[in-house]
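Heads up, the thing below is written out as C-alpha cells.
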Amino acid sequence: MARTAARARARTWTRVCEGTAAGAYGHGRGSVQERTRPTGAPAATVRGVAEQTALADIRSEDGGKPDAAVVRDALGVGVAVGLSGFAFGVTSAGSGLSLLQTCALSLLVFTGASQFALVGALAAGGNPLAAAAGAFFLGVRNAFYGLRLSQLLALPRAVRPFAAQWVIDETTAVALAQPTRRSVRIGFTVTGLSLYVLWNLTTLIGAVGAQAIGDTDAWGLDAAGPAVFLALLAPMLKTAAERAVAGIAVLLGLGLLPVLPAGVPVLVAALAAPTVLYVEGRRMRTSACDATSAHDTRREAR
Numbered sequence: 004m005a006r007t008a009a010r011a012r013a014r015t016w017t018r019v020c021e022g023t024a025a026g027a028y029g030h031g032r033g034s035v036q037e038r039t040r041p042t043g044a045p046a047a048t049v050r051g052v053a054e055q056t057a058l059a060d061i062r063s064e065d066g067g068k069p070d071a072a073v074v075r076d077a078l079g080v081g082v083a084v085g086l087s088g089f090a091f092g093v094t095s096a097g098s099g100l101s102l103l104q105t106c107a108l109s110l111l112v113f114t115g116a117s118q119f120a121l122v123g124a125l126a127a128g129g130n131p132l133a134a135a136a137g138a139f140f141l142g143v144r145n146a147f148y149g150l151r152l153s154q155l156l157a158l159p160r161a162v163r164p165f166a167a168q169w170v171i172d173e174t175t176a177v178a179l180a181q182p183t184r185r186s187v188r189i190g191f192t193v194t195g196l197s198l199y200v201l202w203n204l205t206t207l208i209g210a211v212g213a214q215a216i217g218d219t220d221a222w223g224l225d226a227a228g229p230a231v232f233l234a235l236l237a238p239m240l241k242t243a244a245e246r247a248v249a250g251i252a253v254l255l256g257l258g259l260l261p262v263l264p265a266g267v268p269v270l271v272a273a274l275a276a277p278t279v280l281y282v283e284g285r286r287m288r289t290s291a292c293d294a295t296s297a298h299d300t301r302r303e304a305r
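My numbering applies: residue 4 is where the sequence shown begins, and numbers increase by one.
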C-alpha cells in the first residue's frame, strides 16, 4: 500500500511539473493555477496580481522611514545620475543632432538608455529607423515599471500622465526601496524632479560646450556615453543570470557589428535576456522535478 501511494504521488508530481512547464511557455492546458481555478471563477489579471503584490509590500505607515532620509537618498540618486546628462549632450552634438533636437530628446524622451542608443547609432552612421527602433525597445521596460508603480503610488488619474514621464530606472529603484506609500511617493517625486531638471540642464550645457570645442572625437568625449553605461550597469550584475545576459549581449553586439548595419546589433543583442531567462527557467523546473522524484523514489524503496 505504501508503494502504491508513493507511485501515485510521483505520477501526480510529474503531471504538475509538465503542466507548469506547458503553462509557462504558452501551450498545453495552462498553468497549475489556471487548471485548478474553480469553474466560473474569474482568471487573475495582470492588474489584479499587481494590486495584490503592491498591497502586500506596502507596510503600515507606523515605523516608516523619516521623510528627510527619503529626500536625502532620492537627491543623491537624482544628482549623481543627472550629471551624466553632460555626456549625453556632448555625444548627441557629436552625432550631428542640433541643439534643439538634443534638448528635445531629453525633455520628451527622458530615458538615458534609449537616448544614448539613438545618438550612438546615428553617430556610427546607422539608419535612423533602426536607431529609433533600438531606442524604442530599450524604453519598453518602463511600461513594466509603470505596472508596478501605479499600484504602489496610487496617484489620482489626473496626475498619472505627468508622473508617467518620470517612470525610469532610477525613480523605480528609489520607490521600490521605500517601506510605506508616503515614502514611495516622496522618493519617486524627489528623484524624478531632481533628475529631470538636472538631466535637461546638463544636456543643454553639454551640447553647447560640444559645439564650442568643435570635434568631440578629438577630445575622446565619444567614449563618455559607454563609460556612463558601464558605471551604471556594473553594480546591477549581482546574479549569474544577470551576468550571463550582459555577457551574451556584449558578444552579440560586438560580433554582429561588422556584418550588420549600425543600430541592428543592439536589437539582436536584446534577445540575450529572454534566451537566458528561458534556459534558467527550464533548468530550475527540471531540478525541482528531479529532486522531488528522487525523494519519492527513496521513500518507495524504504
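No residue lacks a Cβ here, since even glycine has one placed at the ideal position from N, Cα and C.
Going by Cα to Cα distance, which pick from S153, A146, A126, V122 is closest to A138?
The shortest Cα separation from A138 among S153, A146, A126, V122 belongs to V122.
In chain order, what residues of the same chain lie with their CB nearer than 8 Å to the CB of L329, ignoring the 5 residues before and after it?
Residue 329 falls outside the range modelled here, since the chain spans only 4 to 305, and no answer is possible.
Give, in chain order, every unbroken run of the beta strand (DSSP E) that is at least 3 residues long and sits entirely within the segment 141 to 173.
Qualifying beta strand (DSSP E) stretches: none in this window.
Could you tell me the boundaries of the alpha helix (DSSP H) in which L102 lies?
Start and end: 102 to 107.
Give me the Cα-Cα distance between D172 and H298, rounded to the nearest whole angstrom.
Distance between the alpha carbons of D172 and H298: 43 Å.
Terminal residues of the continuous alpha helix (DSSP H) containing N203?
That run of the alpha helix (DSSP H) goes 184 to 216.
Suppose contacts are defined by Cβ-Cβ distances below 8 Å. Is L155 in contact with R184 by that definition?
Yes. Within cutoff.
What's the C-alpha gap between P238 and E303?
If I take the Cα positions, the gap works out to 47 Å.
According to DSSP, is T289 helix, strand or coil?
DSSP places T289 in helix when its eight states are reduced to three.
Could you check whether G92 and A213 sit closer than 8 Å to each other, using their CB atoms as the reference points?
A contact, by the Cβ cut-off of 8 Å.
My guess is that L201 and G81 are in contact by the Cβ rule of under 8 Å, so how many angstroms apart are they, rounded?
L201 to G81, Cβ: 6 Å. Contact.
By Cβ distance, which residues of its chain are closer than 7 Å to A13, with the 5 residues on each side in sequence left out?
Reliability fails at A13, whose pLDDT of 47 lies under 50, so the model's placement of it is uncertain and the value that follows must be treated cautiously. For A13, where only same-chain residues beyond five positions count, the Cβ hits under 7 Å are S296, D299.
In the DSSP assignment, find the alpha helix (DSSP H) that holds V269 and state where it starts and stops.
Start and end: 267 to 272.
For D76, which option in L103, T174, A134 has the closest C-alpha, if you only look at C-alpha atoms?
Selected option, being the one with the closest Cα: T174.
Can you check which of these residues, A215, A127, T94, is closest to L260 by C-alpha distance?
The residue with the shortest Cα to Cα distance from L260 is A127.
Is DSSP giving L388 helix, strand or coil here?
Residue 388 is absent from the structure shown; the chain starts at 4 and stops at 305.
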